[in-house]
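Heads up: the structure comes next, in structure tokens.
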Amino acid sequence: MRSKRASLLILAIVLLSALILSLRVFVFSPSVCVRGRCLKVELAATPEELSEGLMFRKHLSSARGMLFVFSKDDFWPFWMKNTFIPLDIIWLDKDKKIVDMIVNAQPAVTDNPYSFKPVSLARYVLEANAGFVEKNKISVGDEARFDWIFLSGKI
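As numbered in this note's numbering, residues 3 to 157 make up the sequence shown, in order.
As structure tokens, then:
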């Protein structure tokens, strides 16, 4: 009888753990929301993540993006080298307010691609599929909301 109870308890713990992990992945994953439209984002905060970004990706779901997290405000340049999908690039200041955007940046066709730089200092950069800005009528001055993004250990 004890063996059966112990087995049921272990099974319950395993199932509960799987449920919690599923919720974390699908519900509690990091997102950036602008004008009511949220993107699940990958975070880029280490030097390696910041330099690679979305390079070499052949596809990006319309509900996904990447948030680049920098340790200080600067005029962070971005380029499309080794990037295979068109992107909207959105620079945000430390208060998560949009300070500049490049809409529909196209993949580079040369080994020395153009670098896009914002007109104002930025702390974060959001990359999304091209069309995200236009479809959601996003503009400079809009504020973003970060959900389930905890930055204290990242910067």
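Ideal placement from N, C-alpha and C gives every residue a C-beta, glycine not left out.
Where residue 12 sits in the DSSP three-state scheme: The sequence position of residue 12 within the sequence shown is 10, counting from 1. The answer is helix: DSSP assigns residue 12 an H, G or I state.
Residue 130 vs residue 90 beta-carbon contact at 9 Å: What you label residue 130 is simply residue 128 of the sequence shown in a count that begins at 1. What you label residue 90 is simply residue 88 of the sequence shown in a count that begins at 1. Taking 9 Å as the Cβ cut-off, residue 130 and residue 90 qualify as a contacting pair.
Residues that DSSP places opposite residue 117 in a beta bridge: On the sequence shown, residue 117 is found 115 positions in, with the first residue counted as 1. Its beta-bridge partners are 81.
Selected residue, minimal CA-CA separation from residue 134, among 120, 63, 115 and 94: Counting from 1 along the sequence shown, the entry for residue 134 is found at position 132. Nearest of 120, 63, 115 and 94 to residue 134, Cα basis: 63.
Same chain only: Cβ atoms within 7 Å of residue 44, ignoring 5 sequence neighbours per side: In the sequence shown, counting from the first residue as 1, residue 44 sits at position 42. Answer for residue 44: 68, listed in chain order.
Supposed contact pair residue 41 and residue 31 - C-beta distance, whole angstroms, cut 8 Å: Position 29 of the sequence shown holds residue 31. Position 39 of the sequence shown holds residue 41. Going by Cβ atoms, the distance from residue 31 to residue 41 rounds to 10 Å, so no, they are not a contact pair.
Residues that residue 92 bridges to, as DSSP identifies them: Taking the first residue of the sequence shown as position 1, residue 92 is located at position 90. Answer by DSSP bridge pairing, in chain order: 103 and 128.
Residue 162 versus residue 110: straight-line alpha-carbon distance, rounded: A question about residue 162 goes unanswered here, because the residues of the chain that appear run from 3 up to 157.
CB of residue 87 within 9 Å of CB of residue 124, strictly: Here the question's residue 87 lines up with position 85 in the sequence shown. Here the question's residue 124 lines up with position 122 in the sequence shown. No, the pair does not count as a contact, with Cβ atoms beyond the cut-off.
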